[in-house]
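S.K.:
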Amino acid sequence: LQGYVGFANLPNQVHRKSVKKGFHFTVMIVGESGLGKSTLVNTLFGTTLYPGKGDVEPTDETPKTVEIQSLSAEIEENGVKLRLTVVDTPGFGDFVNNEESWKPILDNIEERFDAYLEQENRVNRRKMVDNRVHACIYFIAPTGHSLKPLDVEFMRRLHTKVNLIPVIAKSDTLTEDEIKQFKQRILDDIKSHNIQIYQAPQYEYDDPETIAENRDIINKIPFAIVGSDREVETSDGKKVRGRKYPWGVIEVDNPDHCDFVKLRQMLIRTHMEELKEYTSDVLYENYRSEKLETMGV
Ligand code: GDP
Ligand code: MG
């Protein structure tokens, strides 16, 4: 199963449209250091990512601000190619004063909107490059309590600019009951702060199986994530991607153990086109009209 992605299984119509346009999907990953962002990136795509053209190579120097590192990979499954860009943001929340941790991230998202806007205004619009961020996975520390002020501030600043998908990091450190309660508390917090996370639509015209699959994915938000880029051996000798404990193995790819598979399905199979469309038709359009208004156009 390693490396299995699933975009070749997209519903036919969506699939054909995407093949014609070329798959190009950009995901941003945000959260405090040590929560497993880099590990998830590797787990998610089960492939080696390389620095994109013109991007800064990762270094060991301690940065003084949030860095923006963009990595790209071309993944192929059953002859279908996907160019995937993952934008990592090391440094977020690492400083004595984190009041403006969200700022470089917002700036980066808006720069990408600006780059798109600039292309739209060109005479020749045949070769548009879409580097807009289609989804932002936000890592919440597995405290079991509630959202931190840093989480609330980030989401409040960004929710009108990007599709926010909150996840519980390192959920193997919580029990099943704790996860259940923590999820509810996170959703309550999000609601009471009027934060708009990504609302995955339910398609009524789908077949019952797809509707059930969608509902199952949506009900798992915020996804409880376990990441691992290593294989471990289960008690019956199976080799799986997971994390080993004295009492057993947590399998990354087992939906009974964590929500990793659901997150991947949502991003790459069930909601990829929808995330792109919402980014383009709503988030970008709002940004664009506001910008043109302030410019007096
Ligand atoms: P980042 O700073 O957010 O990029 O975090 P890393 O991916 O570098 O992970 C930090 C540490 O946490 C490493 O030792 C990982 O092996 C470990 N780690 C990553 N994901 C998980 C997880 O899901 N569960 C547990 N228990 N540890 C994890
Ligand atoms: Mg990292």
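Residue 195 in full-length UniProt numbering is what sits at position 183 of the sequence shown, and the numbering runs on without skipping anything.
C-beta atoms are modelled at their ideal positions from N, C-alpha and C, and glycine is treated no differently.
As the structure is a computational prediction, the values presented were derived from the model and not from experiment.
#1: Let me know the secondary structure DSSP gives M307 once reduced to three states.
#2: Please report the straight-line C-alpha distance between K182 and I152, rounded to a whole angstrom.
#3: Only counting the same chain, and skipping five residues up and downstream in sequence, which positions put a Cβ closer than 6 Å to that of D293?
#4: Could you name each continuous beta strand (DSSP E) segment of 3 residues or more that falls completely within the segment 85-157, going from the start of the chain to the end?
#5: Identify, in the order they occur along the chain, each residue of the same chain with its Cβ nearer than 7 Å to the Cβ of T38, setting aside the five sequence neighbours on each side.
#6: Beta carbon of T185: closer than 7 Å to some heavy atom of the ligand GDP?
#7: Please indicate yes or no: does the CB of K182 lie closer than 7 Å to some heavy atom of the ligand MG?
#8: From the DSSP secondary-structure annotation, give me the bridge partner or partners of M40.
#9: Output yes or no for whether 8 Å exceeds the beta carbon distance between R276 and L56.
#10: CB-CB under 8 Å to Q208, same chain, minus the five flanking residues each way: which ones, in chain order?
#11: Keeping to the same chain, check which residues put their C-beta closer than 6 Å to that of L162; ignore five residues upstream and five downstream.
#12: Taking only three categories from DSSP, how would you classify L176?
#13: Could you check what DSSP says for A181 in three-state terms: helix, strand or coil?
#14: Where do the N-terminal and C-terminal ends of the beta strand (DSSP E) with E263 fall, by residue?
#15: Please determine whether the Cβ atom of K173 lies at a distance below 7 Å from any heavy atom of the ligand MG.
#16: Taking one C-beta from the segment 179-195 and one from the segment 232-242 each time, how about it: are there three or more such pairs within less than 8 Å?
#17: Could you work out which residue in R300, I229, L279, E305 is closest to E130 when comparing CA atoms only?
#18: Could you check whether the Cβ of K139 sits closer than 7 Å to any heavy atom belonging to the ligand MG?
#19: Starting from V252, follow its DSSP beta bridges and name the residues at the other end.
#20: Among residues of its own chain, excluding the 5 on either side of T60, which ones have a beta-carbon nearer than 6 Å to its beta-carbon?
#21: Give me the Cα-Cα distance between I230 and M307, rounded to the nearest whole angstrom.
#22: Hey, would you say the C-beta of K49 is under 7 Å away from at least one heavy atom of the ligand MG?
#23: Could you check the C-alpha separation between I191 and L83 for me, to the nearest Å?
#24: Taking the straight line between their C-alpha atoms, what separation do you get for residue 11 and W114?
#25: Just to confirm before moving on: does the CB-CB distance between C148 and M284 stay below 8 Å?
#26: Within the continuous alpha helix (DSSP H) that includes Q222, where are the two ends?
#27: Please name the residue or residues paired with Q214 in a DSSP beta bridge.
#28: Quick one: residues in its chain with C-beta nearer than 7 Å to the C-beta of R169, no 5 flanking neighbours on either side, listed in chain order?
#29: Here's the rule I'm using: 16 or more other beta-carbon atoms within 10 Å means buried, otherwise exposed. How should L94 be labelled?
#30: Between D142 and the ligand MG, is the CB less than 7 Å from at least one heavy atom?
#31: Just the C-alpha distance for K203 and H157, rounded to the nearest angstrom, thanks.
M.R.: Checking against the coordinates, here is how it stands:
#1: To locate residue 307, count along the sequence shown from 1; it is residue 295. M307 falls in the coil class under three-state DSSP.
#2: Translated into the one-based positions of the sequence shown, residue 182 becomes position 170. Translated into the one-based positions of the sequence shown, residue 152 becomes position 140. Near 9 Å, if we compare the C-alpha coordinates of I152 and K182.
#3: Sequence index remark: in the sequence shown, residue 293 carries index 281 (1-based). Contacts found: none.
#4: Complete beta strand (DSSP E) runs here, min 3: 92-100, 147-152.
#5: What you label residue 38 is simply residue 26 of the sequence shown in a count that begins at 1. Closer than 7 Å at Cβ, skipping near neighbours: T97, V99, N143, R144, V145, H146.
#6: Counting from 1 along the sequence shown, the entry for residue 185 is found at position 173. In this structure, T185 has its CB closer than 7 Å to one or more heavy atoms of the ligand GDP.
#7: The residue labelled residue 182 in the question sits at position 170 within the sequence shown. Because no heavy atom of the ligand MG lies under 7 Å away, the Cβ of K182 does not count as near it: no.
#8: Here the question's residue 40 lines up with position 28 in the sequence shown. In DSSP, M40 forms a bridge with V99, C148.
#9: As a working mapping, residue 276 is identified with position 264 in the sequence shown. As a working mapping, residue 56 is identified with position 44 in the sequence shown. In this structure, L56 lies closer than 8 Å to R276 by Cβ.
#10: To locate residue 208, count along the sequence shown from 1; it is residue 196. The residues are H171, T172, L176.
#11: For this step, residue 162 is matched to residue 150 along the sequence shown. Once the five neighbours on either side are set aside, the close Cβ partners of L162 are G105, N110.
#12: Your numbering for residue 176 matches position 164 in the sequence shown. Of the three classes helix, strand and coil, the one that applies to L176 here is strand, per DSSP.
#13: The residue you call residue 181 lines up with position 169 of the sequence shown. Three-state DSSP puts A181 in coil, outside helix and strand.
#14: Along the sequence shown, read from residue 1 onward, the residue named residue 263 stands at position 251. Run containing E263: 260-263, per the beta strand (DSSP E) assignment.
#15: Taking the first residue of the sequence shown as 1, we reach residue 173 at position 161. No, the ligand MG has no heavy atom inside 7 Å of this Cβ.
#16: Result yes; three or more Cβ-Cβ pairs closer than 8 Å.
#17: Translated into positions along the sequence shown, residue 130 becomes position 118. With distances taken between Cα atoms, E130 lies closest to R300.
#18: Position 127 of the sequence shown, counted from the first residue, corresponds to residue 139. No, since every heavy atom of the ligand MG falls outside the 7 Å radius drawn around the Cβ of K139.
#19: The sequence position of residue 252 within the sequence shown is 240, counting from 1. DSSP output for V252 lists V244 as bridge partner(s).
#20: Residue 60 sits at position 48 when you count from the first residue of the sequence shown. Note that T60 scores 44 on pLDDT, short of 50, meaning its location in the model is unreliable; the coordinates nonetheless yield the value given after this. Once the five neighbours on either side are set aside, T60 has no close Cβ partner at all.
#21: As a first step, residue 230 must be located in the sequence shown, where it is residue number 218. As a first step, residue 307 must be located in the sequence shown, where it is residue number 295. So the two alpha carbons sit approximately 39 Å from each other.
#22: One-based indexing of the sequence shown puts residue 49 at position 37. For the ligand MG, at least one heavy atom lies less than 7 Å from the Cβ of K49.
#23: If you number the sequence shown from 1, residue 191 lands on position 179. If you number the sequence shown from 1, residue 83 lands on position 71. Approximately 31 Å, taken between the alpha carbons.
#24: Residue 11 lies beyond the stretch modelled for the chain, which goes from 13 to 309, so this question has no answer here.
#25: As a position in the sequence shown, residue 148 is number 136, starting the count at 1. As a position in the sequence shown, residue 284 is number 272, starting the count at 1. In this structure, M284 does not lie closer than 8 Å to C148 by Cβ.
#26: For the purposes of this step, residue 222 is identified with residue 210 of the sequence shown, where counting begins at 1. According to the sequence displayed, residue 222 carries Thr and not Gln. T222 -> alpha helix (DSSP H) spans 220-230.
#27: As a first step, residue 214 is located in the sequence shown; it is residue number 202 there, counting from the start. None, per the DSSP bridge assignment.
#28: Counted from its first residue, the sequence shown places residue 169 at position 157. So the list reads W114, L118, once near-sequence residues are dropped.
#29: Reading the sequence shown from its first residue, position 82 is the one you call residue 94. Its Cβ being crowded by 16 or more others within 10 Å, L94 is buried.
#30: Position 130 of the sequence shown, counted from the first residue, corresponds to residue 142. No, the Cβ of D142 stays beyond 7 Å of every heavy atom of the ligand MG.
#31: For the purposes of this step, residue 203 is identified with residue 191 of the sequence shown, where counting begins at 1. For the purposes of this step, residue 157 is identified with residue 145 of the sequence shown, where counting begins at 1. Inter-residue distance for K203 and H157 is about 16 Å (C-alpha atoms, whole angstroms).
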